[in-house]
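Here's the structure we're looking at; comments come further down.
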Amino acid sequence: MTDGIEHPIPSQPGHTRRVFLEVGAVTLLGLAAPPLAGSAAAQTPKRGGILVVAADVSPPGLDPQKSAAAHSWMISEHVYSNLLRRDPQMNIVGDLAESWQVVNDTTFVFKLRKGVTWHHGRDLVAEDVKYSFERMLDEKTASPWRSNWQIIDRIETPDRVTVRFVLKRPFAPFFSYLATPHYSAIIPRDIVEKDGDLQKTASGTGPFMLERFVPDNTVVLKRNPRYYEPGLPHLDGIEYRIIPDEAARIAALRAGTVHYLWSVDPLIDRQVQGASGVVLREPDGYCAQHGMAFNQTKPPFTDVRVRRAVSAGINRKEIIASVLRGRGGITTKIPPCDAPFGYSGDEKGLPYYAHDPAQAKRLLGEAGFANGVDTTLEVSPRFPQTIRTAEVMKEQLAGAGIRVTLKQTEWGAALKNFVRTEYEGMSMIPLVWQPDPDAHAYDIFHSGSNINLGKFKDPQVDQLLEQGRTTLDRDKRIAIYRDLQRHMADQAYLIFPYASGATEALRDTVKGYLSIPGTQPGSRSRHFFKQTWLDR
Amino acid sequence: MTAYVGKRLLLLIPTLLGVSLLTFLLIHLIPGDLVTILLGITASQNEQTRQALIHALHLDRPLAVQYLLWLGEVMRGDLGHSLVTGFSVRDELVRSYPVTLQLALMAMSIALAVGIPLGVLAATQAGRPLDASTRVFSLLFISAPAFFIGTVVIIAGARYAPWLPTLGHVPFTESPARSLLTMLPAAASLGLAISAIIARFTRSSMLEVLEQDFVRTARAKGVADGAVVYKHALRNALIPVVAMAGTQFVYLIGGAVIIEEVFALPGMGRLVVNAIYQRDYTTIQGAVLLLTSAAVLVNLALDLLYHVIDRRILYA
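Chain order of the listed sequences is A and B.
Counting in this note's numbering, the first sequence runs from 108 upward without gaps.
Counting in this note's numbering, the second sequence runs from 51 upward without gaps.
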């Protein structure tokens, strides 16, 4: 970023037809044909209709600044807008900000789009933006995103449409965070003050307005007739039905009573294949990871050779082929969908990533474990995919002389043990996608952080993390994070068996559905329901 | 009688206190903590954020103080707010309990309406083919768990009768007819399983009664067959059946978790189980108070029902 450059937003967000539904249909038939470019454009969107979504979990409240649950964001991101957002190519573009100016490394000025109104009728003003961030910074809000914004020194609003952020230090992830829906939703002060919070009520500036929220049952959104993008959304509304049982969700999709499933197990494809009117949609990218940490406060994992033996002892390609049925990629903590920061799904250049049981045994021998090692792997049955992954890894590691006992723990306890390194040998959980390499890596690796998974101290890791956070030049940042990933792989501080993506199932009447990789845990994608329409 | 009911109701107070204290201790003994679950792995690493939340939720106070704080709120008629969502616990109970009660009542009606006639039929036809076929019915529904039957109902419904609502919930107050129809598959899955047990109970109880002297006397003085079975025998055979059905009903009003999950019913079972997963202490406590009261009241009602069935049973 250089001084004083204006970034106007493109007038037409560029949609790639590659990601339209037709691709799903082609893949379903197993044809290796190129995407049918143009076929999506040939159809003019029809206006109207309610899109019915089968959701697996009820949102624990809708306040984007209070809920750390993805099931909340997946609704609130259609209700609220942000200053910035990501386009389908993951580029950061303006949302409520019409343009912005980088005054210097720590000062940014945003000009708001004119004529934007809240769902309850009032005009959006710069003061709303300031309030939104100050509410998150207020300790009383107890916002999970508070630490993200503590870099802000002050926010000024010289006039009704201008917001000036002044940061304490240069902070590279700032724009990514501003474009991440749940981190930085712009909220109205008057509604928060009237209702106490936004857990059950909502008023935003986004394409849909909240009509009804009955916990454990349904969330109904309707079209915002004053949404700032002309002609959007096409739908009259969205109805989320909370259906916890997967078999019931699939039955509802097959019967046509719902249009779209939120979460689809990678192995479920065979259950919907061949169902008439149902389309399977392949992942847009691999963003969701599993992470396995070692307890490095005691032997044997204090020894880098034992950790390396584990890394070389697992066969990542085989896990992807069996557990994900091929829908996944090789990964570090920064997943392939975040290329060029992440490795784009191959193991080249990553030490100890290639499967090599002989090398693993040699490393164990050098570490004094010629007869092999006995250890435990803690996992939670909450996520069946974790268990399946762990079972395959257990078999593979046995071939390298590492005898693993699987220990199944209830999710709440497993999460706590993982975060605090309070497990015996190893522990594995699904990790969430983060909007920036810094967010991916800093808190869970840095030795000064509370979390510091596995409790390791490495000055080189700390230094790279600090550099990545404060280096604003993109190419230099890429080099820093590539160094970090290579170094982490070499030291085998954590093991990342794979990155996976969401396989989604929808009715063939759903058109114009578009998502971008990432932003949701459990390998889900961000949905763009505003340009989705129903071909009725 | 009034004194008996009064005494039973007064006993509710120590029962509730004991149960609430026990749940409070148990839920705090489960490993895992609310703050980590609430903040998720993304945010729980920040110590300041953690401490702010811990303080806001009073989790930094000693356990005894937390319990007394909660008890004080209950005394003032306030069940507090969910630690996870901030929703009023009372509102959550008011929202979810009618669903569970409706399901319990519908399931029990189906169970009794199917189970008792079937049991009587089996007893009067003992040893004949009809008896054998009711045995097959009973065995099938006793052995197949309700969630399996439920899943089959949903999948079959989606395939052969897609117009039939099988999932979700329409509040009774919104549209009674649609509410009953939507809940019917769930209530039937649950009710048929219980009807199988009731049929077996009714059969054996009836067989015993049909052997007794007064039945022989009734027959001897020329009472019609139907009247002997339904008027004389059934009434006497009903006591153990009611006792058993009552126990089943107490289970049902505690929330049929699995059926609620399968049929996407926003009932009490799901509320409580989710609250336990998330360590949402206030919601669990509120729900336990309500469920304990309901169980005590249903048991009392059952005891009074015995008197209605058999006037010889009196209360002191």
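Just so you know, even glycine gets a beta-carbon here, dropped at the ideal spot from N, CA and C.
Since the structure is predicted, the reported quantities are computational estimates derived from the model, not experimental observations.
Within-8 Å CB hit, residue i to chain D
| i | result |
| --- | --- |
| residue 283/A | Annotation note: the requested chain D is absent from the structure, which comprises protein chains A and B. |
Sub-8 Å separation of residue i and residue j beta-carbons
| i | j | result |
| --- | --- | --- |
| residue 548/A | residue 350/A | no |
| residue 444/A | residue 392/A | yes |
| residue 609/A | residue 390/A | yes |
| residue 99/A | residue 398/A | The displayed coordinates of chain A run from 108 to 643. Any statement about residue 99/A would go beyond what the structure contains. |
| residue 169/B | residue 249/B | yes |
| residue 293/A | residue 235/A | yes |
| residue 178/A | residue 639/A | no |
| residue 606/A | residue 204/B | no |
| residue 306/A | residue 243/A | no |
| residue 262/B | residue 120/B | no |
| residue 159/B | residue 333/B | no |
| residue 373/B | residue 291/B | For residue 373/B there is no data in the structure shown, the boundaries of chain B being 51 and 366. |
| residue 376/A | residue 368/A | no |
| residue 459/A | residue 497/A | no |
| residue 471/A | residue 416/A | yes |
| residue 482/A | residue 509/A | yes |
| residue 320/A | residue 345/A | no |
| residue 270/A | residue 233/A | yes |
| residue 327/B | residue 519/A | yes |
Below-8 Å beta-carbon distance, residue i vs any chain B residue
| i | result |
| --- | --- |
| residue 254/A | yes |
| residue 349/A | yes |
| residue 363/A | yes |
| residue 631/A | With a pLDDT of 45 at residue 631/A, under the threshold of 50, the predicted position of this residue should be treated as unreliable, though the coordinate-derived value follows. Residue 631/A does not count as touching chain B. |
| residue 544/A | no |
| residue 352/A | yes |
| residue 133/A | Any reading at residue 133/A needs caution, since the residue's pLDDT is 30, under 50, leaving its predicted position unreliable; the model's value is listed next. Cβ-Cβ to chain B under 8 Å: no for residue 133/A. |
| residue 246/A | yes |
| residue 638/A | no |
| residue 386/A | no |
| residue 522/A | yes |
| residue 617/A | no |
Identity of the residue in the options nearest residue i by Cα
| i | options | result |
| --- | --- | --- |
| residue 212/B | 295/A, 306/A, 264/A, 360/A | 360/A |
| residue 335/A | 311/A, 355/A, 272/A, 324/A | 311/A |
| residue 255/A | 597/A, 641/A, 543/A | 543/A |
| residue 563/A | 571/A, 214/A, 553/A | 553/A |
| residue 329/B | 232/B, 159/B, 134/B, 111/B | 134/B |
| residue 151/B | 301/B, 269/B, 314/B | 301/B |
| residue 602/A | 611/A, 570/A, 402/A | 402/A |
| residue 352/B | 289/B, 335/B, 255/B | 289/B |
| residue 309/B | 294/B, 355/B, 234/B, 139/B | 234/B |
| residue 579/A | 211/A, 521/A, 181/A | 211/A |
| residue 166/A | 244/B, 188/B, 75/B, 324/B | 324/B |
| residue 164/B | 237/B, 107/B, 149/B | 237/B |
| residue 406/A | 585/A, 431/A, 476/A | 476/A |
| residue 347/A | 362/A, 332/A, 374/A, 318/A | 318/A |
C-beta neighbour in chain A for residue i, strict 8 Å
| i | result |
| --- | --- |
| residue 223/B | no |
| residue 304/B | no |
| residue 218/B | yes |
| residue 54/B | no |
| residue 312/B | yes |
| residue 117/B | no |
| residue 234/B | no |
| residue 154/B | no |
| residue 327/B | yes |
Rounded distance between the beta-carbons of residue j and residue i, thought under 8 Å
| i | j | result |
| --- | --- | --- |
| residue 225/A | residue 218/A | Residue 225/A to residue 218/A, Cβ: 19 Å. No contact. |
| residue 286/A | residue 191/A | 4 Å |
| residue 534/A | residue 400/A | 6 Å |
> If you measure beta-carbon to beta-carbon, which residues of the region 312-342 of chain A are closer than 9 Å to chain B?
Replying inline: 321, 322, 323, 324, 325
> Of the residues that make up the region 296-307 of chain A, which ones have a beta carbon closer than 9 Å to any beta carbon in chain B?
Replying inline: 303, 304, 306, 307
> Quick one, which residues of the region 189-214 of chain B are near chain A if we go by CB-CB under 8 Å, in chain order?
Replying inline: Within the region 189-214 of chain B, the residues whose Cβ lies closer than 8 Å to some Cβ of chain A are 201, 204, 205, 207, 208, 209, 212, listed in chain order.
> Just by C-beta distance, which residues in the region 134-148 of chain B are closer than 8 Å to chain A?
Replying inline: Flagged, chain order: 134, 135, 136, 137, 142, 145, 146.
>> Which residues of the region 61-89 of chain B have a Cβ closer than 7 Å to any Cβ of chain A? Give them in chain order.
In response: 81, 82, 83, 86, 87, 88, 89
> According to a CB-to-CB cut-off of less than 7 Å, which residues of the region 469-492 of chain A neighbour chain B?
Replying inline: Cβ contacts with chain B: none found.
>> Closer than 7 Å between beta carbons: that is the criterion. Which residues of the region 152-168 of chain A meet it against chain B?
In response: 167, 168
>> Taking beta-carbon pairs under 9 Å, can you tell me which members of the region 502-518 of chain A lie near chain B?
In response: Using a CB distance below 9 Å, the part of the region 502-518 of chain A facing chain B consists of 516, 517, 518, ordered along the chain.
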